[in-house]
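In our numbering, the protein residues as written are 2 to 1090.
C-beta atoms are modelled at their ideal positions from N, C-alpha and C, and glycine is treated no differently.
Bear in mind the structure is a predicted one, so any value in this text is a computation, not a measurement.
Worksheet: the structure to be examined is printed underneath.
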């Protein structure tokens, strides 16, 4: 088709060009007059172009006719060609249109095919997910069975191991005793060896002293030899003797060196040598004495032999030379002696060091053995201390329970006394009021009689007339009266002031009697509920004793004994009277107005909620309870006597059956108390609010209202009886029974089963913490927001699971955040880590920490094993929430900002070019949550909206909070809102369609739980829809930690429809799109009725 159209266009263009050329030639021919040359040329060209025609002749007269004919033919052909080209263009246009339509249909078919393919893929994915979940559930069930069997085997193995350990302990005790004995013997040997060493050292010192004396004697001998010049021969002999003695000493020293090389016989050899040296020294001393005597004789001979000196001088010269030689030899001997002595000392030191090293090795081995025994002994002591602490805690718990039982009994006795007193007062008041009623009725009867008598007298005096003189003369009858004279107005008793005062007093007295009856009923219900709580406490105590026994035997079993009592609801009387005239009003939270109660369900009407109020009898009803109000309206213009009589009859009827109804109600289960209470309130004419108490494992009491099946949460922890006083800022689930508490005093671990509170040292004043299972690390804000601490998650979990006897301490290190450039007054108030890492690599793990005016982006460094700051960004307002997506992070400050986690650049998340988001500009951002893979819920202080990934609105309606929120939490379609006096739970659907919105717009998917100053802490990891809430205990400074289940709260509001619609309901966005309209809806609710 396209090729034929192009050919037709080319042909049409060629024909148009030929026609234009022919027209130019014709014009030229007309202008020139028709020469032959031009005519022949034109005819030739026309013949070539047209492809046919007759040949022109050479004559000039017929050329013009031929040209005209040819011109006409060409014009006919040209017109035909033009018509054909027009037809071809029209056919081409129709073909193009048909082709465009076919292409559009093809594109639509492709889109439909892609949509169907996506739906098929989604359906396949869902089926695969369901199959995987089913397989996982079956696998988990098998695992649980295997783990149970394995645990039973482990228990048996542990029993066998315990017996083996006991046998090993006995053996080790025996070996320890033998080792102690051996150690004592070795100690005795060490002491003996040390004494021997000391004695040897003393002997060595004595030998040194004797050697010094010998040296001194040698010196004295050398000095004396100088004097013995005359007796050279004798001196030479003495020198020979000294040389021989020196040689003998050298031999002995050599022997000593050999003996010192031998280690075993060293000491004995040294002793023998010392004795020999002593003998030699004694000999030398004797010789010295003899030499001295000889010297004395020689002095005498020297005087005689002075003459002989000159002769002997020559001989002395020779002797001196020999003497110098002997002195040099003696000096050499002395040096050798010093060297030998040094070697002796070195050998002695080596021997002592080797002996000391051997002894040190023996002592170190013995110390290791002793340390091992001491460690085992310490472990045994710890186990004994654990057992003793468990026993002590069990005893303390039993004593506490006994004391509580005594207190309860005393309280019951006091209540019985008060009840007797109230009964006596009530009987006295009944007698007094009955006597007063009799007197008042007698006085009223007397007043009525007196009034009737006075009225009759007035009428008689009015009908009588004074007799004139004519009447007296003619005797006219006194029965004649004047016509048309109206009688005087009779006095109505009901309009008198005394009668009105009596009626007012009677009404006040009846109100007082009703109040006293209500107080009596409340006292009875308190007594009955107290008895029920005591029974529950006794049962709990017995269960605790059984648990302690089973824990001691290490085979815990949890008894499950549930008894349910069902009792039919009493028939409700059908009220008769006028229908109510309701008007929509709004409850205001002011201190002057009392708390409003619904007259149908007896529940509180929350502040800021619209409700129906009767304009005649001022009766208050919830919006959903209007159908149960009935037609029993009694206005203020009725007969007071009939109303009073009805109240008295109802009070008397209720007073006779008080004890029976209360006993029946006390025997009911807490979930069935509401039905019996509704029957009592409708039959008696006034409501009695009954509260029952449940005693937890730690002995604390939790009050739960029995008004219908209203969900109030589960009490986890109280700071009322804890020392020191705790202020809890954050919570984390370590396991199903252990919870980590971040407090102003530091970190604490709380065991839910045993109620043990264990402090963890290392950090003080914990504000918040962020924990990631994938990194796995924990970042803790400590020291009152001054530092950020990082620790290992496994280390934190092990310290949280440790016992109090081990006094656990957390090992952390402070993160370097110098990039923040914060002042001393700026504290860290929030830190968040990525829950899921897209690339499954630790290098891509990101954390964000925030102060009042700045945020810091942290990235995990695998080489250092800690987070390092990467980028700092300034903020106008403090950051209230951080939401991580795959590649970005949504941060709420003065606006919602989106931070790119690769470039760390920030830009506004909402697309303000969207006209439906213009009214959101003035709202205050608070939190952002991910509803599904392509949709986010942005929570402002005034309203909530749904947007897509690009910041455009995805659902047309907004969510109104009904009250001003302070905090938000969202998980698995449950949105938790914290208000000043309650917690609101909303159901938010993950999908959205207009049909579901229209179907469920009128139904409420909200639940309100009344708490004092609640604060949302964290979600529970082991229950997806449970959140931990911190609140004040009855307006005091004490704190309570309550676990709220969003599914149960929503189920308590609409138990019939919540199970079918939890997965398919759309959002509760049934309010106007603009914020201004949503703020004006509550004002217009009253006008809409």
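Sufficient close CB pairs (3 or more, under 8 angstroms) joining the region 921-930 to the region 938-950: yes
When 66, 138, 15 are compared against residue 79, the one with the closest alpha-carbon: 15
Contact set for residue 1059: own chain, Cβ-Cβ below 6 angstroms, skip 5 residues either direction: At residue 1059, the pLDDT of 44 sits below 50, so the modelled position is not reliable; the number obtained from the coordinates is stated separately. Taken in chain order, the residues that qualify are 1051, 1052.
Helix, strand or coil at residue 452 according to DSSP, with G and I counted as helix: helix
Interface flag, residue 325 vs chain C, CB-CB below 8 angstroms: The question asks about chain C, but that chain is absent: this structure has only one protein chain.
Within the region 300-370, ranges of the alpha helix (DSSP H) (whole runs, at least 4 residues): none
Three-way DSSP call (helix, strand, coil) for residue 432 in this model: helix
Any non-hydrogen atom of the ligand NAP within 7 angstroms of residue 1045 CB: Because no ligand of any kind appears in the structure shown, any question about the ligand NAP cannot be addressed here.
The region 747-761 / the region 822-829 touching (three or more Cβ pairs under 8 angstroms): no
Sufficient close CB pairs (3 or more, under 8 angstroms) joining the region 793-811 to the region 853-864: No: fewer than three Cβ pairs fall under 8 angstroms.
Span of the alpha helix (DSSP H), counted from its first residue to its last, around residue 1048: 1047-1054
Through-space distance from residue 84 to residue 13, alpha-carbon basis: So the two alpha carbons sit approximately 11 angstroms from each other.
Beta-carbon proximity of residue 972 to residue 1023, cut-off 8 angstroms: Not closer than 8 angstroms, so no.
Runs of beta strand (DSSP E) wholly within the region 787-873 (minimum 3 residues, chain order): 788-793, 831-834, 847-851, 855-862
Bridge partner(s) assigned by DSSP for residue 1008: The secondary-structure analysis by DSSP pairs residue 1008 across a beta bridge with 986.
Candidates 960, 994, 273, 1010, of which the one nearest residue 981 by Cα: Nearest option by C-alpha distance: 1010.
For residue 14, the three-state DSSP class (helix, strand or coil): helix
contact_flag[the region 502-512, the region 418-426] where n(CB pairs < 8 angstroms) is 3 or more: no
Residue from 1006, 965, 1041, 920 with nearest C-alpha to residue 1018: 1041
Residue 770 vs residue 743 beta-carbon contact at 8 angstroms: yes
Nearest neighbour of residue 817, chosen from 857, 836, 167 [CA to CA]: The candidate whose alpha carbon is nearest that of residue 817 is 857.
Host beta strand (DSSP E) of residue 1013 (start-end): It spans 1013-1020 - the beta strand (DSSP E) in which residue 1013 sits, taken as one unbroken run.
Cβ-Cβ distance between residue 747 and residue 729 below 8 angstroms: no
Span of the beta strand (DSSP E) around residue 972: Its beta strand (DSSP E) spans residues 968-972.
Option in 787, 312, 737 with minimal Cα separation from residue 822: With distances taken between Cα atoms, residue 822 lies closest to 787.
Beta-carbon contacts of residue 955 that lie in its chain and below 7 angstroms, excluding the five residues immediately before and after: Excluding residues within five positions, the ones whose Cβ falls inside 7 angstroms are 936, 947, 948, 949.
Host beta strand (DSSP E) of residue 1158 (start-end): Absent from the model: residue 1158. The displayed extent of the chain is 2 to 1090, so no value can be given.
For residue 919 and residue 883, believed in contact at Cβ under 8 angstroms, the rounded distance: At roughly 26 angstroms, the Cβ-Cβ gap does not stay under 8 angstroms, so residue 883 and residue 919 are not in contact.
Which residues DSSP lists as bridging residue 750, in chain order: Its beta-bridge partners are 741, 759.
Three or more C-beta pairs below 8 angstroms linking the region 325-334 and the region 142-153: Segments in contact, no.
Residue 172 burial status per 10 Å Cβ neighbour count (16 or more: buried): exposed
Buried versus exposed, by CB contacts within 10 Å (16 or more), residue 966: buried
Closest residue to residue 304 among 429, 525, 1038, 231 (Cα-Cα distance): 231
Contacting residues, own chain, Cβ-Cβ under 6 angstroms from residue 627 (five flanking each side not counted): 613
Beta-bridge pairing of residue 1032 - partner residues as DSSP gives them: 1041
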